[in-house]
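A.B. asks: My structure is below; once you've seen it, I'll send some questions.
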């Protein structure tokens, strides 16, 4: 063992000495052999020559000895790497181009992978995330997931057997904290006491909610997020057990969440609530009163018992659903329950888009590899003589292959390293441009998995283009190659090069088609008229303290104090110069919030049990339609007199008129909610894209603020301005604080901003795909240019002869361009085939655009053809412009 | 007559080298000549297989080398058996005899 180690060290570190000894040993062998021959009468010179011949090659013998040396592999590797670096620095232009190509390709792939990894691949940041589910209500006739009635949640928890824990969250309660900088609205959530233990979260300070605190009247306790604790309470460790005044009442702080806790709020279909500042117990009455089966505010989470599958759990809750359908037909006759894996649900909306981008950037790298392979082929041709010389000097074919692979690997490892640096810079830049509603943003970091990915990617890349030059050259004898003196021996390569070009054109076309379709879809989306005015509109959210709710209890109440506040604020706003109109709404279009209610229509037979005419409703103030620019199509808009003291009125949108009244005139008809009084329809207004520009408008009705049965304490104020809307922000703040200094104002945005954010995902994927496609176009045309230049240089002599015997420049030009056109058109045909197969997968990302859109397919094919022909035109013109005499003497 | 080298069974060359060194230390040329002599010219070992084998066996610890002077007064590398080399020669020789007996009897069988 020790002996081997000694030999190893000697072989590696005293190499010169070992080599000298080997030289001398073999030298003496030859001389001894010659001496023997001289004894049998040969002349000295002849004897030496004969002895050398019998030896069979000095270097080959040495190489044979080196092969068996301990540590030979490491020694070879070091030698190869040193040689590779020397070869790369000698050919600097090649190396720089190759390195940049690699760095860009690998960097872009690493950046996209970092996003895909953080959002899609990493397990959710909770223990045993595979066991986490969400449970949703469904209607038996469709699969849409709906939030859950408190009474149903109660029964699910009692009657199911597949779950360790089940917890519910109501994501909408807000709290006003009188912080030092003025009143501050905090985003709250009410959760059942099992919520944090279900997720597996341990408090950084204090404790979780107790079961006893999850009851009406006992629930004035609060858990703070780490940020809230630092920002508003100075991070004091003695905060536990201390009172905190929220909404004018005392709450006791019982716990502080760890800094790294992030709640996947995207999971719960409340995109407007991106983070939560504090948490209180849900405190449902037990057993819940019957009306809590008719309202559906909750999102329900569950943790599977170990060993129970999703299918088993679904069967279990199907049984529960059957039971509830029988017991409560009025509410639940048509209702099912659906279990969805939490990790699937969180990313359901972005999975396709992210995988599309990952595939696109992968294709770009593939294109880059093809270019590198081309470069290496060209270089291999130029180095054929060098290789032949090395064979003659005793290198085996295998050894040469090793050397070439080492060179590619050195190149690709450097490229990978550079790419990683690019990714480190690129990820933060990317994060700034990611759409605001992308789930799990905070988990997008360069971590071990990303590093491993980059490593693997680099290795794969190195093999992919590094091995290619080996396939093309039939092992030729050293003799042949040396005789030819390194002249054009590589005619056989043009087949491989042509194949590379066809592949590149095809891949570039697929990417261009994808980007073209996305762009068309995005453009179509932007052309959708939202149904309201977006220019010169400012919106801001107010949070009214609880005293405005005036004994608020669910299902009752008139809200004179809210109406009075609104009237007073509107009056003040009227006097601000630059504010043309002002009004309130509870749910702003594209704002991410919504509410719906079941209605009865006068004179129509009652619905069968369990079937509801569910309709969205929007509490708005007088003047809302004029302010935001929704046209009144029939009847009238709201007047200031449509208040608590006047007859109940309602205005419906066109979709609702179509759905419930068909050709009839709805104005003058009456409808009601779950209450005795009828409301008269006084007008019909235009449809609004409330949930998104790409979503069909739904039936909606508008109700005056003073006449709503339950209240939203967070009205949004909408201002129409005479100038750039953000310029009146200061005046708005001033006016609000003059009316009531305790009312926080936040989410101040212009309507243009809101629209822009709402199409963020579509814009992001379109932009990224477009960048990749243009990159692909560029890379492919550089590749085409390179190959055509090479082919032209190989045929210079032929062109010379052609022109010498009478071919015109035009003939030669046509000849070269014809060759290029043939390759490009084969590539485009293949690409179109590939595109029709692949674009089907992104059909769900396209708005009003078919994946086979002929205009897009046609125009990108045309674009690619023209760019490709332009790229081949330059070498073609060079071929045609050459002097035949010079061409003939070229070699 | 000289046998093509590829016919040399793996291990045979090692055994012949060990045997050739059993009497006295020899240099490479000497080993080659001794093998030809003791096999009555059946085996002629070329430098291309001899030197890698010598270096491999030295690394294995069966041989030791030192520089000395040849019969023509030229500096040459001499190899001699080490203790492990001698025992290796014994085991290899026994193994070879077993195999050759077995093969001989196999060939005689009808």
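Protein chains in written order, with my numbering: chain A, 177 to 1067; chain B, 1099 to 1208.
No residue lacks a Cβ here, since even glycine has one placed at the ideal position from N, Cα and C.
1. Nearest chain A C-beta to residue 1175(B) closer than 8 angstroms, yes or no?
2. Would residue 476(A) pass as a contact of residue 606(A) if the rule is Cβ separation under 8 angstroms?
3. Distance check for residue 698(A) and residue 1034(A), CA to CA, integer angstroms please.
4. Helix or strand or just coil, what does DSSP make of residue 827(A)?
5. List the residues that DSSP assigns as beta-bridge partners of residue 427(A).
6. Is residue 493(A) buried or exposed, if buried means 16 or more other CB atoms sit within 10 Å of its CB?
7. With the cut-off set at 8 angstroms, would you say residue 755(A) and residue 540(A) are in Cβ contact?
8. Measure the C-alpha to C-alpha separation of residue 1058(A) and residue 1045(A) and round it to an integer number of angstroms.
9. Suppose only complete runs of 4+ residues qualify. What are the alpha helix (DSSP H) ranges in the stretch 212-255 of chain A, listed by chain order?
10. Compute the distance between the beta-carbons of residue 943(A) and residue 850(A), then report whether it is under 8 angstroms.
11. Starting from the C-beta of residue 678(A), find all residues in its chain whose C-beta is less than 6 angstroms away, skip the five residues before and the five after it, and write them out in chain order.
12. Could you give the distance in angstroms between the alpha-carbon of residue 906(A) and the alpha-carbon of residue 1039(A)?
13. Taking the alpha-carbon positions, what's the residue 1203(B) to residue 1134(B) distance?
14. Since residue 279(A) and residue 680(A) should fall inside the 8 angstroms C-beta cutoff, what is the C-beta to C-beta distance between them, to a whole number of angstroms?
15. Check whether chain B comes within 8 angstroms of residue 209(A), counting only Cβ atoms and requiring the distance to be less than that.
16. Residue 661(A): buried (16+ other C-beta within 10 angstroms of its C-beta) or exposed?
17. Which residue spans inside the stretch 277-340 of chain A form an unbroken beta strand (DSSP E) run of at least 3?
18. Over the uninterrupted beta strand (DSSP E) stretch that includes residue 795(A), give me the two end residues.
19. What separation, rounded to the nearest whole angstrom, lies between the Cα atoms of residue 387(A) and residue 370(A)?
20. On the DSSP bridge list, what partners appear for residue 457(A)?
21. Short check: CB of residue 295(A) to CB of residue 615(A), under 8 angstroms?
22. If you reduce the DSSP assignment to three classes, tell me which class residue 666(A) lands in.
23. Can you tell me the Cα-Cα spacing of residue 598(A) and residue 938(A), whole angstroms?
24. Out of 190(A), 213(A), 581(A) and 467(A), point me to the one whose CA is closest to residue 637(A)'s CA.
25. In three-state DSSP terms, what is residue 620(A)?
26. Anything in the stretch 1150-1163 of chain B with a Cβ closer than 7 angstroms to a Cβ of chain A? List those residues in chain order, please.
27. Report yes or no: is there a C-beta of chain B within less than 8 angstroms of the C-beta of residue 243(A)?
28. Kindly indicate which residue of 511(A), 836(A) and 398(A) has the alpha-carbon position closest to the one of residue 789(A).
29. Using a Cβ-Cβ cut-off of 8 angstroms (strictly less than) and excluding sequence neighbours within five positions of residue 315(A), which residues of its own chain qualify?
30. What would DSSP say about residue 550(A), mapped onto helix, strand or coil?
31. Go through its chain and collect everything with a Cβ distance to residue 519(A)'s Cβ below 8 angstroms, but skip five positions before and after it.
32. Straight-line CA distance for residue 430(A) to residue 382(A)?
33. Could you tell me the distance, in whole angstroms, from the CA atom of residue 555(A) to the CA atom of residue 1005(A)?
34. Apart from the five residues just before and just after residue 435(A), which ones in its own chain have a Cβ nearer than 6 angstroms to its Cβ?
35. What does the Cβ neighbour count give for residue 896(A), buried or exposed, with the cut at 16 atoms within 10 Å?
36. If you drop the 5 nearest sequence neighbours on each side, which residues of the same chain put their C-beta closer than 8 angstroms to that of residue 971(A)?
C.D. replies: Let's see:
1. Residue numbering aside, residue 1175(B) sits at position 77 when the second chain is read from its first letter. Interface flag for residue 1175(B) against chain A is set, since a Cβ pair is found closer than 8 angstroms.
2. Stepping through the first chain from its first residue, residue 476(A) is reached at position 300. Stepping through the first chain from its first residue, residue 606(A) is reached at position 430. No. Outside cutoff.
3. What you label residue 1034(A) is simply residue 858 of the first chain in a count that begins at 1. What you label residue 698(A) is simply residue 522 of the first chain in a count that begins at 1. The straight-line gap from Cα to Cα measures roughly 19 angstroms.
4. Against the first chain, residue 827(A) aligns to sequence position 651. In this structure, residue 827(A) counts as strand in the three-state DSSP scheme.
5. As a first step, residue 427(A) must be located in the first chain, where it is residue number 251. Answer by DSSP bridge pairing, in chain order: 420(A).
6. Here residue 493(A) refers to the residue found at position 317 of the first chain. Taking a 10 Å sphere around the C-beta of residue 493(A), we find 16 or more other C-beta atoms and assign the residue as buried.
7. As a working note, residue 755(A) is residue 579 in the first chain. As a working note, residue 540(A) is residue 364 in the first chain. It is not a contact, given that the beta carbons lie outside the stated cut-off.
8. By one-based count along the first chain, residue 1058(A) stands at place 882. By one-based count along the first chain, residue 1045(A) stands at place 869. Computed Cα separation, rounded: 20 angstroms.
9. Counting only runs of 4+ residues, the alpha helix (DSSP H) found wholly inside the stretch 212-255 of chain A occupies 220-231 and 234-244, in chain order.
10. For the purposes of this step, residue 943(A) is taken as residue 767 along the first chain, with counting starting at 1. For the purposes of this step, residue 850(A) is taken as residue 674 along the first chain, with counting starting at 1. Residue 850(A) sits away from residue 943(A), with the two beta carbons spaced by 8 angstroms or more.
11. Residue 678(A) sits at position 502 when you count from the first residue of the first chain. Cβ neighbours of residue 678(A) beyond the five flanking positions: 999, 1002 and 1003.
12. Position 730 of the first chain, counted from the start, is the residue given in the question as residue 906(A). Position 863 of the first chain, counted from the start, is the residue given in the question as residue 1039(A). Spanning the two alpha carbons is a distance of roughly 50 angstroms.
13. The count along the second chain starts at 1 and reaches residue 1203(B) at position 105. The count along the second chain starts at 1 and reaches residue 1134(B) at position 36. Each residue's Cα considered, the two are about 27 angstroms apart.
14. On the first chain, residue 279(A) is found 103 positions in, with the first residue counted as 1. On the first chain, residue 680(A) is found 504 positions in, with the first residue counted as 1. Taking the Cβ atoms as the reference, residue 279(A) lies roughly 19 angstroms from residue 680(A), outside the contact range of under 8 angstroms.
15. Your numbering for residue 209(A) matches position 33 in the first chain. Chain B contact via Cβ: present.
16. For the purposes of this step, residue 661(A) is taken as the residue at position 485 of the first chain. Residue placement at residue 661(A) is poorly supported in this model, since its pLDDT is 45, which falls under 50; the coordinates are not used for a value here.
17. Listed in chain order, the complete beta strand (DSSP E) runs (minimum 3 residues) inside the stretch 277-340 of chain A are 308-315 and 318-322.
18. For the purposes of this step, residue 795(A) is taken as the residue at position 619 of the first chain. Residues 789-796.
19. Along the first chain, read from residue 1 onward, the residue named residue 387(A) stands at position 211. Along the first chain, read from residue 1 onward, the residue named residue 370(A) stands at position 194. One alpha carbon belongs to residue 387(A), the other to residue 370(A), and they sit about 8 angstroms apart.
20. Taking the first residue of the first chain as 1, we reach residue 457(A) at position 281. In DSSP, residue 457(A) forms a bridge with 367(A).
21. Walking along the first chain from the start, residue 295(A) turns up at place 119. Walking along the first chain from the start, residue 615(A) turns up at place 439. Less than 8 angstroms divides the Cβ of residue 295(A) from the Cβ of residue 615(A).
22. As a first step, residue 666(A) must be located in the first chain, where it is residue number 490. Unreliable placement is indicated for residue 666(A), whose pLDDT of 43 sits below 50; the coordinate value is still reported in the next sentence. Residue 666(A) sits in coil when the DSSP states are folded into three classes, being neither helix nor strand.
23. Your numbering for residue 598(A) matches position 422 in the first chain. Your numbering for residue 938(A) matches position 762 in the first chain. Using only the alpha carbons, I get a separation of about 25 angstroms.
24. Counted from its first residue, the first chain places residue 637(A) at position 461. Nearest of 190(A), 213(A), 581(A) and 467(A) to residue 637(A), Cα basis: 581(A).
25. In the first chain, the residue the question calls residue 620(A) occupies position 444. For residue 620(A), the three-state secondary structure derived from DSSP is coil.
26. Residues of the stretch 1150-1163 of chain B with a C-beta atom less than 7 angstroms from some C-beta of chain A are 1150, 1153, 1154, 1157 and 1159, listed in chain order.
27. Within the first chain, the letter at position 67 stands for residue 243(A). Chain B contact via Cβ: present.
28. Taking the first chain and counting its residues from 1, the one referred to as residue 789(A) is at position 613. Nearest of 511(A), 836(A) and 398(A) to residue 789(A), Cα basis: 836(A).
29. Looking up residue 315(A) in the first chain gives position 139. Hits under 8 angstroms: 322, 510, 511 and 512.
30. Numbered from 1 along the first chain, position 374 holds the residue referred to as residue 550(A). Three-state result, residue 550(A): helix.
31. By one-based count along the first chain, residue 519(A) stands at place 343. Exclusion of the five residues before and after residue 519(A) leaves 299, 300, 305, 306 and 308 as the residues of its chain whose Cβ lies within less than 8 angstroms of its Cβ.
32. Position 254 of the first chain, counting from 1, holds the residue named residue 430(A). Position 206 of the first chain, counting from 1, holds the residue named residue 382(A). Approximately 6 angstroms, taken between the alpha carbons.
33. As a first step, residue 555(A) must be located in the first chain, where it is residue number 379. As a first step, residue 1005(A) must be located in the first chain, where it is residue number 829. Straight-line Cα distance between these residues: approximately 30 angstroms.
34. Translated into the one-based positions of the first chain, residue 435(A) becomes position 259. Setting aside the 5 residues that flank it on each side, residue 435(A) is surrounded in the same chain by 402, each with a C-beta closer than 6 angstroms to its C-beta; the list follows chain order.
35. Position 720 of the first chain, counted from the first residue, corresponds to residue 896(A). Buried, since its Cβ has 16 or more Cβ neighbours within 10 Å.
36. On the first chain, position 795 is the one that residue 971(A) refers to. So the qualifying residues of the chain are 1055.
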